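Its first residue numbered 1, the sequence shown is counted upward by one per residue in full-length UniProt numbering. Backbone N, C-alpha and C define an ideal beta-carbon position, used for all residues, glycine too. Fair warning: this is a prediction, and the values are worked out from it, not measured in the lab.
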Amino acid sequence: MAWYDATFVQTGRSPALWALVGFLVTFALVRTITRRIHARQAARAEDSGPIKDVFIGGVHVHHQVWGILLVLVSGLLTFRFRPESPWIDVLALVFGAGAALTLDEFALWFHLDDVYWSTEGRKSIDAILVGAALGGAILLGVSPIGSTNSTNAPAWLYSILVATHLAFALVCVLKGKLATGILGVVVPTLAWIGAARLAKPGSYWARRRYRGKKLERSRRRFGPAYQARRDRLRDLLGGTPAEGPEGSPPVDR
């Protein structure tokens with residue numbers, strides 16, 4: 001198709017497109033499957049049928065294992081053969097699928113425990129959202145890192161601008177806004193806005209610099225209402241955690 005060729009292949013964006021497609025489709029499929037398995041287990045239904053957890057030698061193999069393998073294989077094949085379209089697009093699709101399988105269990109490798117259906121498991125949804133946003137930003141070609149100086153500004157001025165931008169992204173991280181800081185690397189406006197706004201009360205920035213009224217403002221802004229809004233979004237995408245009060249054990253998957 002001429003439009004696809006001109007828009008994505010000739011501009012070098014087709015691998016980014018297919019990686020994002022693989023990422024989003026795989027996440028949607030894997031969450032649909034895991035939610036169905038979890039609902040059947042919660043109802044104490046018989047674990048039968050084609051959709052169920054995978055066990056090898058009595059060990060539950062989490063889907064992040066398959067994701068890591070897909071990422072490694074697709075990456076190695078890309079580095080070795082450096083294929084052109086359409087094979088580079090196929091490898092990008094596989095890479096995106098592997099990344100989704102891996103990040104969907106980000107909370108497990110962060111906590112080194114099976115917290116998939118606990119409140120800590122919501123970190124996986126945060127990782128998925130960041131990954132999808134980064135994929136979209138790369139597809140749109142908004143990253144200033146590694147790009148050429150198309151403004152013909154002096155090299156020293158361009159270097160200062162990039163360094164300043166990265167400093168803003170670092171401020172976001174210090175203010176407890178990890179996702180904003182990561183996305184801010186490729187979307188400068190996000191870094192600038194995140195650096196200018198209040199830090200989260202438990203962040204390094206707030207502990208070092210906030211006192212009195214400013215600290216109270218931060219606690220109000222990032223209080224229970226803010227957390228409830230975030231949790232509703234994450235639960236909508238990933239499913240509601242199975243555990244009850246804080247500290248109760250998660251339901252096994």
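Consult DSSP for residue i and reduce its assignment to one of helix, strand or coil.
i      : result
PRO245 : The predicted position of PRO245 is uncertain, since its pLDDT is 40 and thus under 50; no value can be drawn from it.
VAL187 : coil
GLU84  : coil
GLN10  : coil
TRP18  : helix
GLU120 : helix
PHE168 : helix
VAL25  : helix
LYS214 : helix
ARG112 : Here residue 112 turns out to be Leu, not Arg, going by the sequence shown. Residue state, collapsed to three classes: coil.
According to DSSP, what are the bridge partners of residue i?
i     : result
HIS60 : PHE55
Which residue wins for smallest C-alpha separation from residue i, given the options the options?
i      : options                  : result
LEU108 : VAL73, HIS63 and LEU70   : HIS63
LEU236 : ARG13, ARG35 and ALA42   : ARG35
ARG208 : ILE125, GLY176 and GLY12 : GLY176
ALA97  : ALA206, VAL30 and LEU76  : VAL30
Buried or exposed, going by whether 16 or more other CB atoms sit within 10 Å of the CB of residue i?
i      : result
GLU105 : buried
ARG234 : buried
THR32  : exposed
SER124 : buried
ALA188 : It should be pointed out that residue 188 corresponds to Pro in this sequence rather than to Ala. It is buried - the Cβ of PRO188 has at least 16 other Cβ atoms within 10 Å.
PRO154 : exposed
ARG122 : buried
SER159 : exposed
VAL61  : exposed
LEU183 : buried
ALA28  : exposed
Does residue i get closer than 7 Å to chain B when you measure Cβ to Cβ?
i     : result
TRP87 : The displayed structure is made up of one protein chain only, and chain B is not part of it.
- Message: For the stretch 82-93 against the stretch 50-64, do three or more pairs of beta-carbon atoms, one drawn from each stretch, fall closer than 8 Å, so that the two count as touching?
- Response: Flag = no, the stretch 82-93 and the stretch 50-64 do not touch.
- Decide yes or no for the touch test of the stretch 133-141 against the stretch 104-123: beta carbon pairs closer than 8 Å, at least 3 of them. With the cut-off at 8 Å, the stretch 133-141 and the stretch 104-123 do not touch.
- Do the stretch 208-224 and the stretch 156-168 meet, that is, are 3 or more Cβ pairs less than 8 Å apart? The answer is no - the stretch 156-168 does not touch the stretch 208-224, with fewer than three Cβ pairs under 8 Å.
- Query: Is there contact here, the stretch 224-232 with the stretch 8-18, by at least three beta-carbon pairs under 8 Å?
  - Reply: No, because fewer than three Cβ pairs between the stretch 224-232 and the stretch 8-18 fall closer than 8 Å, the two stretches do not touch.
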